[in-house]
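Enquirer: One structure follows; several queries about it will come next.
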Amino acid sequence: MTRTSRYLLGLGVVLAMIGAGTYKFVLRPETAQLSVSAGTGPHPKLPPPNKTLMPTVNIARPIGWKAGETPHASEGLTVKAFASGLNHPRWLYTLPNGDVLVAETNSPGTDKENLKNRIARTIQGLVGADVPSPNRILLLRDADGDGVAEEQSVFLDHLHSPFGMALVGDTFYVANADSVWRFPYQAGEKSITSAGEKVVDLPSGYNHHWTKNILASPDGQTLYVSIGSNSNVAENGLQAEEGRARIDKLDVKTGSLTPFATGLRNPNGMAWEPQSGALWAVVNERDEIGSDLVPDYLTSVKDGAFYGWPYSYYGGHVDQRVSPQNPELVASAIAPDYALGPHTASLGLIFTQESTLPAVWRNGALIAQHGSWNRRPKSGYKVIFVPFLNGHPSGAPIDVLTGFLTPDEDQTHGRPVGMALDKTGAVLVADDVGNVIWRLSGKQPDGGAPPAGGSTPAQGE
1 MTRTSRYLLG LGVVLAMIGA GTYKFVLRPE TAQLSVSAGT GPHPKLPPPN
51 KTLMPTVNIA RPIGWKAGET PHASEGLTVK AFASGLNHPR WLYTLPNGDV
101 LVAETNSPGT DKENLKNRIA RTIQGLVGAD VPSPNRILLL RDADGDGVAE
151 EQSVFLDHLH SPFGMALVGD TFYVANADSV WRFPYQAGEK SITSAGEKVV
201 DLPSGYNHHW TKNILASPDG QTLYVSIGSN SNVAENGLQA EEGRARIDKL
251 DVKTGSLTPF ATGLRNPNGM AWEPQSGALW AVVNERDEIG SDLVPDYLTS
301 VKDGAFYGWP YSYYGGHVDQ RVSPQNPELV ASAIAPDYAL GPHTASLGLI
351 FTQESTLPAV WRNGALIAQH GSWNRRPKSG YKVIFVPFLN GHPSGAPIDV
401 LTGFLTPDED QTHGRPVGMA LDKTGAVLVA DDVGNVIWRL SGKQPDGGAP
451 PAGGSTPAQG E
């Protein structure tokens, strides 16, 4: 029996057990030997790969939030619902006048039909992620400044799995799963009715990773476009990865798309680090080689750099599943700056220098970790703070917003994804399972120190 046949057989068994309702007993092929914190920081522990017949599946069933329930904010911070009753809110963007845009979106459903994708959809359904894409952007307005959006309108609809958003002058850009579009925008308007104009096509079709984020350069001449891979580790063939697993530069005048950095399996959140002016991103690494591998990461993104995928991870750690190998390219691979723990699904990223959080939280990065589906015990399901010093991470991550998982980790109220600052400098966090936008702000005037770095036990330790 070939390796592919054994793998497909294992997936078939898993799928059958899920269908029979016995997934909780069966889907335990292996357990992490290291804590999440061991796979965190500038020098994570990277044990040998642990390839099993059946991939680890450890899901949390969604239960939503009851009236009055909220996540748990760190000491000195407070959290409340900015907006609720939404439809799979995934990504956020704040306009200059303070209006908050929410991409209500999901996968376009264009993955090819095979056994592996069938089990993926089954798992997505169990965790509350397999919902039709609303394909629209909402506008939320807090007109009275009380920290709750009392006005809601459809800003833009009839899109195709929209995700990244950016306003440059009077032009609004949105990244669909298959293209970047632009629309005229007038300050204060609640909706865009223009048909818009396509700027450029993006790799689409079979979308293992469908989310396309965009970030405008400080001068507004360039959009940086994140494009995830077609697969976990090039199992669909290297030709299917053409133009993928990278961050591109889009010239907004000419529509020219050129590679900026490659070997990034699934880059999502992008932001400019205020002190250095460098581009930073959070990236989801590969799966199916055990609960301890491979840590997702936060990294500065250098022009022309290669970050390893699919051939290697964290520099020269070669992934033997990829064929053919490319030792020459692996030799040039750059190790990322800061590991965020294995399978945390780190997606959202903002720097806090311009926030109005207490001073102890205003020199670092906030990262929203959507949470694992294939690690035992679970990891992620929270928002963390990574302190920075002189433009680089400095110290252990600190939990900022937790309580998305129930204490036994069997269920989840929600899952944090995109983030943005509102007009007051408070932090907004999209929760695409709880269908809420949470607002995180300071409880008291500046002062004091943040808690010591580390993860709470119910969040994957």
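Quick note: the sequence shown, position 94, residue 94 per UniProt numbering, numbers continuous. Quick reminder that beta carbons are idealized off the backbone N, C-alpha and C, glycines included. Quick caveat: nothing in here was measured; it's all calculated off a predicted structure.
What number of angstroms, rounded off, separates the C-alpha of Gly315 from the C-alpha of Asn58?
Expert: 28 Å
Enquirer: Just the C-alpha distance for Gly243 and Gly237, rounded to the nearest angstrom, thanks.
Expert: Rounded to the nearest angstrom, the gap between the Cα atoms of Gly243 and Gly237 is 13 Å.
Enquirer: Are the beta-carbon atoms of Gly228 and Asn284 separated by less than 9 Å?
Expert: yes
Enquirer: For Leu46, does the three-state DSSP call read helix, strand or coil?
Expert: coil
Enquirer: Do you know offhand how far Asp319's Cα is from His392's?
Expert: 28 Å
Enquirer: Helix, strand or coil for Trp272 per DSSP?
Expert: strand
Enquirer: In chain order, what residues of the same chain lie with their CB nearer than 8 Å to the CB of Leu421, ignoring the 5 residues before and after it?
Expert: Thr94, Ile350, Glu354, Ser355, Val427 and Leu428
Enquirer: Leaving out the 5 sequence neighbours to the left and right, which residues in its chain are closer than 6 Å to Thr262 when beta-carbon positions are compared?
Expert: Arg246 and Phe306
Enquirer: Which ranges does the alpha helix (DSSP H) cover as unbroken runs of at least 4 residues, wholly within the region 275 to 334, from first to last along the chain?
Expert: 327 to 330
Enquirer: If you drop the 5 nearest sequence neighbours on each side, which residues of the same chain put their C-beta closer than 8 Å to that of Gln325?
Expert: Tyr311 and Val318
Enquirer: Is it true that the region 366 to 380 meets the region 326 to 339, where meeting means three or more beta-carbon pairs spaced less than 8 Å apart?
Expert: no
Enquirer: Out of Thr70, Ala368, His343 and Ala81, which has the shortest C-alpha to C-alpha gap to Thr31?
Expert: Distances from the CA of Thr31 to each of Thr70, Ala368, His343 and Ala81 were compared; the closest alpha carbon is that of His343.
Enquirer: Is DSSP giving Gly39 helix, strand or coil here?
Expert: helix
Enquirer: Per DSSP, what kind of secondary structure is Gln186 in: helix, strand or coil?
Expert: coil
Enquirer: Pick out the complete beta strand (DSSP E) segments inside the region 365 to 448, 3 residues or longer, and give them in chain order.
Expert: 382 to 389, 398 to 402, 416 to 421, 427 to 431 and 436 to 442
Enquirer: Using three-state DSSP, classify Ala240 as helix, strand or coil.
Expert: DSSP places Ala240 in helix when its eight states are reduced to three.
Enquirer: Have a look at Gly348, Ser194, Lys253 and Phe183 and flag the residue whose alpha-carbon is nearest the alpha-carbon of Asp296.
Expert: Gly348
Enquirer: Between the Cα of Pro327 and those of Gly308, Ala339 and Ala345, spot the shortest distance and give me the residue it belongs to.
Expert: Gly308
Enquirer: Hey, Ser191 and Val154: beta-carbon distance below 9 Å or not?
Expert: For Ser191 and Val154, yes; Cβs fall inside 9 Å.
Enquirer: Short of 7 Å in beta carbon distance, which residues of its chain neighbour Ala339, apart from the five on each side in sequence? Order them along the chain.
Expert: Gly39, Thr40, Gly41, Pro44, Pro295 and Tyr297
Enquirer: Should Ala166 go down as buried or exposed, given a rule of 16 or more other Cβ atoms within 10 Å for buried?
Expert: buried
Enquirer: Taking only three categories from DSSP, how would you classify Trp361?
Expert: helix
Enquirer: Secondary structure at Asn97, three-state DSSP: helix, strand or coil?
Expert: coil
Enquirer: Can you give me the start and stop residues for the beta strand (DSSP E) that Gly348 sits inside?
Expert: Ser346 to Phe351
Enquirer: Over what stretch of residues does the beta strand (DSSP E) that includes Leu257 continue unbroken?
Expert: Leu257 to Thr262
Enquirer: Give me, in chain order, the residues of the same chain whose beta-carbon lies closer than 6 Å to that of Pro387; leave out the 5 immediate sequence neighbours on both sides.
Expert: Gly364, Ser394 and Gly395
Enquirer: So Leu215 is in the beta strand (DSSP E); what residue range does that whole segment cover?
Expert: Counting along the chain, the beta strand (DSSP E) containing Leu215 begins and ends at Lys212 to Ala216.
Enquirer: Is there contact here, the region 212 to 225 with the region 257 to 275, by at least three beta-carbon pairs under 8 Å?
Expert: Enough Cβ pairs lie closer than 8 Å, so yes.
Enquirer: What does the Cβ neighbour count give for Asn97, buried or exposed, with the cut at 16 atoms within 10 Å?
Expert: Here Asn97 is exposed. Its C-beta has fewer than 16 other C-beta atoms within 10 Å.
Enquirer: On the criterion of 16 or more Cβ atoms from any shown chain inside 10 Å, does Asn106 qualify as buried, or is it exposed?
Expert: Burial call: buried.
Enquirer: Pair every Cβ in the region 423 to 442 with every Cβ in the region 67 to 83, then say whether three or more of these pairs are closer than 8 Å.
Expert: yes
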